[in-house]
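K.L.:
Dumping the structure here so I can ask a few things about it.
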Amino acid sequence: MTTLTCMRGYSGSGKSTRAAEIAKGIGAVVVNRDSLRFMLLGSYWTGKREDEDRVTVAEEAQVEAFLRNGTSVVVDATHLHAPYLRKWARLATRLGVDFGVVDVVTPLDECKRHDYSRMLKGDRYVGDKVIDQQAKKWPVEKWPLVTAEPFVIEPVEWIPGLPEAIIVDIDGTLAHMTGRSPYDYSRVGEDAPDLAIAELVRVVGEYVSILIVSGRDDDCRDVTADWLEANLIGGYDELHMRPTKAVDDRGNKLPDYQVKYDLFNQHIRGKYNVRFVLDDRTQVVEMWRALGLKTLQVEPGDF
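For the sequence shown, the numbering used here begins at 2 and goes up steadily by one.
Pasting the structure below:
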């Protein structure tokens, strides 16, 4: 079974040594954030947000590529800020791989000795002040348990006699932003229609029902419906949107693929036979295909 293992611990705790041991034992690869910094920036730390964003892009791309290839990964980073671990947990859930966190709990004095030894060798180090700050901000006893929630997709069956339909996404498929933020739903009425997709939907809509399924919050339902009426010649049959309260137990928004799977189960499964789906986002496309639905990905959507 492919696994995603994340290390957690203070600087100088011995995380990297333990990560290498784990990787050797299970035949995994280690993705180390410090190594990526040096490879990309020529330095182990610049303090610039834009540089860290670049490192994050490389880190996430490497981890996902290895996991998709069936190669287990050990992510070697401090991971003291819990949302970083939860990000990896969500990736593990989406890709269907095992997830675990390895805590390396080392006394602060020992962390500082290791760090000082690195400095003497001319290796990367952070200094006592940083380690003290880490311990003060994230005391070991308050490290939360982070697990990957299971996400099981039940394939759909074709049921003779049901009406036929297609499922159509909005953002990135039927509509394209013209300057607004993806989260600024007050301006969705300004979006430009994708004329090719709109024409395809119009033609197919002469024969089957059109089901619009969107990851937008349903508090912009009215303006979205107005936009569809103005831009989708031939109209549509149903509009299903993300419930505003679709959040996890920490109040974070559920990922699009989970929201759309829930919408499918609530409004479409057992009521329609779906001929095909039009969508752009890869994580959602993969969910539709896992359901057994023919899915046409209309744009690159690795986000």
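Positions of the beta carbon are idealized from the N, C-alpha and C atoms, including for glycine.
Grouping DSSP H, G and I as helix and E and B as strand, with all else coil, what is residue 215?
P.N.:
strand
K.L.:
Contact check, residue 11 vs residue 125 under 8 Å by CB: the rounded distance?
P.N.:
Actually they are not in contact, since the Cβ atoms of residue 11 and residue 125 sit about 15 Å apart, beyond 8 Å.
K.L.:
Using the DSSP secondary-structure output, state which residues sit across from residue 194 in a beta bridge.
P.N.:
176
K.L.:
Considering Cα atoms alone, identify which of 170, 19, 115 and 123 is closest to residue 302.
P.N.:
Checking every option, the nearest Cα to that of residue 302 belongs to 170.
K.L.:
Whole angstroms are fine: how far does the CA of residue 86 sit from the CA of residue 141?
P.N.:
15 Å
K.L.:
Verify the contact flag: residue 164, CB atom, against every heavy atom of the ligand NAD, threshold strictly below 6 Å.
P.N.:
Judged by which ligands are present, the structure shown has none, so any question about the ligand NAD falls away.
K.L.:
Could you check where the beta strand (DSSP E) with residue 104 kicks off and where it finishes?
P.N.:
99-104
K.L.:
To the nearest angstrom, how far is it from the Cα of residue 115 to the Cα of residue 7?
P.N.:
21 Å
K.L.:
Quick one: what's got a C-beta closer than 8 Å to residue 195's C-beta in the same chain, skipping five residues either side?
P.N.:
Around residue 195: 174, 175, 176, 177 and 299.
K.L.:
With distances taken Cα to Cα, identify the nearest neighbour of residue 226 among 209, 148, 121 and 186.
P.N.:
Measuring from the Cα of residue 226, the nearest candidate turns out to be 186.
K.L.:
Looking only at its own chain, which residues have a Cβ that is under 6 Å from the Cβ of residue 215, when we skip the five neighbours before and after it?
P.N.:
171 and 242
K.L.:
The alpha helix (DSSP H) spanning residue 165 covers which residue range?
P.N.:
That residue, residue 165, is in no alpha helix (DSSP H); its beta strand (DSSP E) goes 165-169.
K.L.:
For the region 9-80, list the beta strand (DSSP E) runs that are entirely contained and at least 3 residues long, ordered along the chain.
P.N.:
30-33 and 74-77
K.L.:
Going by DSSP, which residues form a beta bridge with residue 187?
P.N.:
Note: residue 187 sits in no beta bridge, so no partner.
K.L.:
What first and last residue would you give for the beta strand (DSSP E) that runs through residue 313?
P.N.:
For the chain, the structure presents residues 2 to 304; residue 313 sits outside this window and is missing.
K.L.:
If distances are taken between C-alpha atoms only, which option among 182, 233, 249 and 82 comes closest to residue 145?
P.N.:
82
K.L.:
Are the region 98-112 and the region 51-58 touching by the rule of at least three beta carbon pairs closer than 8 Å?
P.N.:
Not touching, per the Cβ criterion.
K.L.:
Taking 8 Å as the threshold, find out whether the region 257-264 comes into contact with the region 219-238 through three or more Cβ pairs.
P.N.:
no
K.L.:
Span of the beta strand (DSSP E) holding residue 280?
P.N.:
274-280
K.L.:
Using only the alpha-carbon positions, how far apart do residue 280 and residue 18 sit?
P.N.:
43 Å
K.L.:
Could you tell me how far apart the beta carbons of residue 105 and residue 16 are, in whole angstroms, since I believe they sit closer than 8 Å?
P.N.:
5 Å
K.L.:
Between residue 129 and residue 110, what straight-line distance do the alpha-carbon atoms span, to the nearest angstrom?
P.N.:
In a straight line, the C-alpha of residue 129 is about 9 Å away from that of residue 110.
K.L.:
To the nearest angstrom, report how far apart residue 290 and residue 224 are at their CA atoms.
P.N.:
30 Å
K.L.:
Quick one: measure Cβ to Cβ for residue 20 and residue 75, integer angstroms, because I've assumed they're closer than 8 Å.
P.N.:
5 Å
K.L.:
If you drop the 5 nearest sequence neighbours on each side, which residues of the same chain put their C-beta closer than 8 Å to that of residue 199?
P.N.:
175, 232, 233 and 234
K.L.:
Is the beta carbon of residue 247 sitting closer than 7 Å to the one on residue 255?
P.N.:
yes
K.L.:
Return the CA-CA distance between residue 205 and residue 228, expressed in angstroms with no decimal places.
P.N.:
For residue 205 and residue 228, the distance between alpha carbons rounds to 20 Å.
K.L.:
So the candidates are 297, 273 and 276; which of them puts its Cα closest to the Cα of residue 282?
P.N.:
Among 297, 273 and 276, the Cα nearest to that of residue 282 is on 297.
K.L.:
Can you name the residues that DSSP bridges to residue 5?
P.N.:
74 and 100
K.L.:
DSSP state of residue 248, grouped into three classes?
P.N.:
strand
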